[in-house]
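Only one structure is covered here, and it is reproduced in the block below.
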Amino acid sequence: MGFNGSVPGAARLHLVDGLLLAYIADRDNMNTATNQASRWLFPGRRAGQPARPDHLSALLREIGIPVAAARGAAIRQQLPELPAPVVADALGYHDKTTSRLLRETGGTWSRYAAGDHGRSPAGWTPRGTIDR
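The letter at position 37 of the sequence shown is residue 37 when you use our numbering, and the numbering goes up by one with no holes.
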């Protein structure tokens, strides 16, 4: 079964979910004293560290996945769904690059206020909350 679009989205998710769980159950590099309880999906050779990106890229190339094309496809898939600065931060791109790619793909996220949206500005009080 491939991912060529002929498989409905829910079935693809179920297939990927099964593959991910099988991988987690039998991850490489878990038998050393430094990694037995590693929380990383791809544990590295150093205690508490993930596998290095260049190592993961080499492994993907070995099984025939074109890494640069896959990275480009990942960002183009996320841009129509998320603000460009969020995608930039998550995938390690500069926000100007994601903004340019967004324009190229015809995305509609034209405005996004970056920053911590869980905090209120200093001195700001929501309406109706001031004690009288």
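Heads up, the beta-carbon is just placed ideally off N, CA and C, and yes, glycines get one too.
* To do: Less than 8 angstroms between the CB atoms is what I'm expecting for ALA67 and GLN78, so what's the real figure, rounded?
  => Going by the sequence as given, residue 67 is Val instead of Ala. Rounded to whole angstroms, the Cβ separation of VAL67 and GLN78 is 17 angstroms, and the two are not in contact under 8 angstroms.
Fill in: Opposing strand residues paired with PRO50 [DSSP bridges]
Answer is PRO43.
Beta-carbon proximity list for ILE75, same chain, < 8 angstroms, skipping 5 on both sides
Only VAL87, LEU91, TYR93, THR98 and LEU101 meet the Cβ criterion.
Review point. Quick one: what does DSSP say ILE24 is sitting in, helix, strand or coil?
Key: In this structure, ILE24 counts as helix in the three-state DSSP scheme.
Sub-8 angstroms separation of PRO43 and PRO50 beta-carbons: Taking 8 angstroms as the Cβ cut-off, PRO43 and PRO50 qualify as a contacting pair.
(message) Between the alpha carbons of ALA58 and ALA47, how many angstroms are there, rounded?
(response) If you take the alpha carbons of ALA58 and ALA47, they lie about 21 angstroms apart.
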